[in-house]
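Participant:
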Amino acid sequence: MRNRTVQLIAKKELVDTLRDRRTLFIALLLPLLLYPALLLGLTGIIGATQRNLASDEQRILLDGVDTASELGDLLRAQKLEPVAGDSDDAILPQRVAELLADIGHDEKNDGARGQLRLLLKKHSYAGAIVCDPGFVANLGASKRAFVSLVFDSTDEASKVARGKVARALKAFADARRSELKGRLPSQLDLIQFAEAPVQRKPIELASLSQRGAYSFAPMLGLLIVVMALTGAFYPAVDLAAGEKERGTLETLLVAPVTRQEIVLGKFVAIWIIAIVTALLNLFVMGITFSKLAGMMGTGKIAFDLPASAVVIVSVILIPTAALFSAIALALSSFATSYKEGQHYMSPLFLAAMPLAMVALLPNIELGYGIALVPVANVVLLVKSMLLGGHAMGPALVATGAMVVYAGLAIAAAVSIFKRESVLFRTGAGRGFDASSLRASRAGLPVPAHGLLAFFSTLALMFFLSGKVATSAAAVRGFFLTQFVAVLLPCVLLAKKLKLNLKATFALRMPRPSQALMAIVAGVSSVLVVIGLYVGFMPERQETGFEEIIKLLFAEVPPWLFVVMLAVIPPVCEETLCRGFVLSSLRERFGVRTAVIVSALLFAALHLDVYRLPSTFLAGIVLGFILVRTGSLLASILCHAAFNGVVAVANYWPWLATRVEALDGVTVGCAAVVLSLVLVFFARQVPPPAPVASDPADPVDLGETSSTVH
Amino acid sequence: MIEANGLTKIFFDPKRGGEFRAVDSISFRCEPGRIFGLLGPNGAGKTTTLRILSTSLVPTAGQVFVGGIDVAVHPAQARQQLGFCTGTTGVYERLSPREMIEYFGRLYGMDEDSLAARAHELLDLFGLRPYEKTACGKLSAGNRQKVSLARTIVHDPPVLIFDEPTTSLDILVARTVMEFIADCRARGRTVILSTHIMSEVEKLCDDVAMLHHGKILLQGSVEQVLAEAGVNSIEDVFFEHIDRCETEPSSS
């Protein structure tokens, strides 16, 4: 590969793209015009969610006035739940009063402010009303009465509660006023009363920059992802699919440049455009937001992002744009026309958006585990940068992970571009029609069948899932999920399509050595996975999955628990993922792609972002074992060993302590054992690929992957 | 010079029942200063053969030498010897003719001085000087094809490959292309031309090979082929062989 050639191609592609008004408009101009509309829309959405919160009841700490008093009733009428505070913790009201005194009217005392915020959050109060002694009496006597209101404007519930409290206080004061009017109709008194009750300036718990970042942070990361994606996609479609359509690609291919140079040149051009698009958008967005902040009045919100955050956001943008550029280039290489290339946009968006949305969930923060999940890590990193208090470790892991993914995506784009079947694919005869849904000649499912089975499983899992409150429901849910959702769709499909069941589900006995090694692979991988998680995810939160396991554990006898965990999921999940899905992809895309894609789907099936990296790696190991042995039983054994260790650890304290407190040496040994086992499987001679039922017409798998340099 | 020995190309196409032989062990030679015509109906394997010669496709079996270079071993060097043009190869619509010529000149590793001189020469040769700064997308079809031809020979290659170069061109543009091809022979280049238009063959070709279902039915110089068949036109020879092949498929 020559840098000069890559530069030459990149430069030409940049010129070409910048002269294309269509790409310029979609990638650069359109988003800029959209911001005002976007902001208006957002205000509408925020209004809608606030209305929702308005009908909910918020807990409010009420100090200095009895909760059973008239003020308490008025608060309840506004759908608030006034609580005296000492019911949670006898010294809580005193502690709140102390912190309030510390804060005083000092806007800059962020320390005490932060402590008070945590304290209220811990006892789940949306805010606090602290009345001075004699508040009610003073009001009744038309004297000045003081009250402190404490709220957090970065918390939606607290903001809503603040409005409700203001209304309740006004009603309370109005009632006092009308009482006084009847008794003391003196003009003087009325004027005096107009000032009462004196509400001190509400105490704001979040610091000024946090307030600015709060409205910014969750969206900024998402927008970076969207901008990098659109910024990359349209040029990619134009430079790959568009070039094929216009017939210029063939001239480029006969020039003395390698495919690698062509891909890299195009990639660099797309990457630069994606980065510029995203940066330009962020810049305009910043201007729009500060304009908005200016309109809302100074002092309420600040947009002074720390310089370090701006640098880190720009740094993470580079690998993010690289990842999307490479994926977009690879995808659009498959398309034969610009129009067809655009169709590939939706799947890419559909894949990226859920990952980005995960990061918007309130409880999720950037940790080592989620730093490995592409897209989600970018959004979370941006969020944590803006809200402050970020840890450097996970930020570095997230950036590193994105660099690695981008590199892999570029390698994939190069290898796709080298495939003759992709480059010289013609529009005719390869479209999606009824024949695409027929089983292959070898009696195997085709990719569309694999996806159909997988998404049927996901849909069934969704519709069968209920509230897992009790152990009995957990047991029922477990069996329904495994047998009805996971196992049934692929088996029914296989029957309906009259597939070659033996080939599809790899129904073949493994050799005893292979079976033994599969079990060793399972045990060593579970140790490696747990080791990595203990080492890198100390902050790991309890997931829905673990709650279900705990409920199951409480309900069923030990032997059944072990069987349920170590036998049923391996059988059902392997049948779907390694049997049906992998077989459906193998013939069309080759073994390597089939293993990787089926592992991705296997990981997605677990519906748990925290376990995405571990389930993906396990999926690769399982897929590899199946491919090398040609036996579903081998991959089931490996999966069973993996789950078995986890299940047995629940009953065997000796194992549990070993598993929970894994030291580096054990994990290292497990990793060595795992790689040795994988070497063993790599040396196994895989059984011949299933051939077409018509022996005169063998299926040649080798040809689809031939390459040119 | 081009030399092909036992070329075979097998595609995997589920629609055609898996394995499909687009080109089936064919051998031929193209000499400098002569035009070699590759004849055959659509789907005969002409384009596949030429893509193998131009190194875009890798043969399943067999060898190709372009100017004595084994394309499988040194594809980049082989491409340096080649000019490749088809009736459907496009030009970059947002580049001007000059930029188009310069871009490809640089890809072929030409230095800036000789490239500037060459671009000048080619723009004059094809009469593109008035449009040298106009985006190719705004040129007429004829001028676009001229840009395409200029791009093909920017590095002055000794071997030229034309794959149905007049398909989808209007009659005047087609004549320009045919005159250009004849001119290449006059300059002593090796030319290989695929076509299914027999009048082009009779006007241009010195040697022919007839391709059907991926196999060569007959080959030789035009005079030789006509004399053996005892007819006056290549078209008659062509139909006679195709018919014979269709009625007795085992004889081939």
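From first to last, the protein sequence lines are chains A and B.
According to the numbering used here, the residues represented by the first sequence are 1 to 709, in order.
According to the numbering used here, the residues represented by the second sequence are 710 to 961, in order.
We treat Cβ as the ideally placed atom computed from N, Cα and C, and that holds for glycine.
Does A:I710 come within less than 9 Å of chain B when only Cβ atoms are used?
Facilitator: Missing from the structure shown is residue 710 of chain A; chain A here goes from 1 to 709 and no further.
Participant: Mind reading off the beta-carbon distance from A:A168 to A:L74? Whole number of angstroms is fine, and I expect it under 8 Å.
Facilitator: The pair is a contact, with the Cβ atoms about 4 Å apart (cut-off 8 Å).
Participant: Give a yes or no on contact between the stretch 350-364 of chain A and the stretch 516-526 of chain A, applying the rule of three or more CB pairs nearer than 8 Å.
Facilitator: The stretch 350-364 of chain A is not in contact with the stretch 516-526 of chain A.
Participant: Using a Cβ cut-off of 9 Å (strictly closer), state whether A:P569 contacts chain B.
Facilitator: No, its Cβ sits nowhere closer than 9 Å to a Cβ of chain B.
Participant: How would you label A:A322, buried or exposed, when you count the other beta carbons within 10 angstroms and need 16 or more for buried?
Facilitator: Buried, since its Cβ has 16 or more Cβ neighbours within 10 Å.
Participant: At which residues does the alpha helix (DSSP H) containing B:E802 begin and terminate?
Facilitator: Here B:E802 belongs to no alpha helix (DSSP H), and DSSP marks it neither H nor E.
Participant: Determine the closest residue to A:F135 out of A:A161, A:H123, A:L585 and A:D66, with distance taken between C-alpha atoms.
Facilitator: Checked all of A:A161, A:H123, A:L585 and A:D66; the closest Cα to A:F135 is A:D66.
Participant: Check whether the stretch 325-336 of chain A touches the stretch 404-415 of chain A, counting contact only when three or more Cβ pairs, one atom from each stretch, lie closer than 8 Å.
Facilitator: Output reads yes: the stretch 404-415 of chain A touches the stretch 325-336 of chain A.
Participant: Just the C-alpha distance for A:F424 and B:F729, rounded to the nearest angstrom, thanks.
Facilitator: Answer to the nearest angstrom: the Cα atoms are 15 Å apart.
Participant: For the alpha helix (DSSP H) containing B:E949, name the first residue and the last one.
Facilitator: Counting along the chain, the alpha helix (DSSP H) containing B:E949 begins and ends at I943 to T956.
Participant: Please tell me whether B:T764 and B:L747 are closer than 9 Å, where the distance is taken between their beta carbons.
Facilitator: Contact: no.
Participant: Can you give the Cα-Cα distance for B:I963 and B:L902, rounded to whole angstroms?
Facilitator: The shown model of chain B, from 710 to 961, leaves out residue 963 of chain B, and the question about it has no answer.
Participant: Rounded to whole angstroms, what is the Cα-Cα separation between A:L372 and A:G477?
Facilitator: The alpha-carbon atoms of A:L372 and A:G477 are separated by roughly 30 Å.
Participant: Output yes or no for whether 9 Å exceeds the beta carbon distance between B:A825 and B:V773.
Facilitator: Taking 9 Å as the Cβ cut-off, B:A825 and B:V773 do not qualify as a contacting pair.
Participant: Going along chain A, which residues have a C-beta under 9 Å from B:V800?
Facilitator: Correct list: R246, G247, T248 and T251.
Participant: Curious, which full-length beta strand (DSSP E) runs of at least 3 residues does the stretch 843-867 of chain B contain?
Facilitator: Entirely contained in the stretch 843-867 of chain B, not one beta strand (DSSP E) run reaches 3 residues.
Participant: Thinking just about the alpha-carbon of each residue, which of B:A895, B:R884, B:F889 and B:D872 is nearest to the one in B:H905?
Facilitator: Comparing Cα positions, the closest option is B:D872.
Participant: Consult DSSP for A:D132 and reduce its assignment to one of helix, strand or coil.
Facilitator: The answer is coil: DSSP assigns A:D132 none of H, G, I, E or B.
Participant: With 16 as the cutoff for other CB atoms within 10 Å, does A:A603 come out buried or exposed?
Facilitator: Buried.
Participant: Kindly indicate the opening and closing residues of the beta strand (DSSP E) around A:M509.
Facilitator: Segment: none, A:M509 is in no beta strand (DSSP E) and carries neither H nor E.
Participant: Looking only at its chain, what residues have a beta carbon closer than 8 Å to the beta carbon of A:Y35, apart from the 5 residues adjacent to it on each side?
Facilitator: For A:Y35, where only same-chain residues beyond five positions count, the Cβ hits under 8 Å are V284, M285 and T288.
Participant: Under 9 Å between C-beta atoms, does B:A895 make it to chain A?
Facilitator: No, B:A895 lies away from the interface with chain A (no Cβ there is under 9 Å from its Cβ).
Participant: Could you give the distance in angstroms between the alpha-carbon of A:V529 and the alpha-carbon of A:L633?
Facilitator: Taking the straight line joining both Cα atoms gives about 22 Å.
Participant: Given this structure, state the Cα-to-Cα distance separating A:A618 from B:C954, to the nearest angstrom.
Facilitator: Cα to Cα, the separation comes out at about 57 Å.
Participant: Which whole-angstrom value describes the C-beta separation of B:Y840 and A:D16, a residue pair presumed to lie in contact below a C-beta threshold of 8 Å?
Facilitator: So it is not a contact: roughly 18 Å between Cβ atoms.
Participant: Would you say the beta carbon of A:L29 is closer than 8 Å to some non-hydrogen atom of the ligand HEM?
Facilitator: With respect to the ligand HEM, the structure offers nothing, as it holds no ligand at all.
Participant: Please report the straight-line C-alpha distance between B:V797 and B:D915, rounded to a whole angstrom.
Facilitator: A small fix is needed here, since residue 797 of chain B is Thr in this sequence, not Val. If you take the alpha carbons of B:T797 and B:D915, they lie about 25 Å apart.
Participant: Taking only runs of the alpha helix (DSSP H) that begin and end inside the stretch 437-507 of chain A, which ones reach a length of at least 4 residues, in chain order?
Facilitator: Here the runs fully enclosed are 447-464, 471-479, 488-496 and 501-504.
Participant: Let me confirm a value: B:G742 is counted as buried when at least 16 other C-beta atoms fall within 10 Å, else exposed. Which label applies?
Facilitator: Answer is exposed; the Cβ neighbour count stays below 16.
Participant: Got a sec: is the Cβ-Cβ distance from A:S635 to anything in chain B below 9 Å?
Facilitator: Judged by the 9 Å Cβ criterion, A:S635 is not in contact with chain B.
Participant: Short check: CB of A:K266 to CB of A:A228, under 9 Å?
Facilitator: Going by C-beta atoms, A:K266 is not nearer than 9 Å to A:A228.
Participant: Identify the residues that DSSP records as bridge partners of A:C577: which are they?
Facilitator: A:C577 is not bridged to any residue.
Participant: For A:I312, which residues in the same chain have their Cβ closer than 6 Å to its Cβ, ignoring the five residues on either side in sequence?
Facilitator: For A:I312, where only same-chain residues beyond five positions count, the Cβ hits under 6 Å are M385.
Participant: Out of A:L118, A:V563 and A:S153, which one is the CA nearest neighbour of A:V648?
Facilitator: Answer by Cα proximity: A:V563.
Participant: Keeping to the same chain, check which residues put their C-beta closer than 8 Å to that of A:V83; ignore five residues upstream and five downstream.
Facilitator: Correct list, in chain order: R59, I60, L61, L62, T67 and Y125.
Participant: Inspect the beta-carbon positions of A:L360 and A:N377 and report whether they are closer than 9 Å.
Facilitator: Their beta carbons are not under 9 Å apart, which means A:L360 does not touch A:N377 by this criterion.
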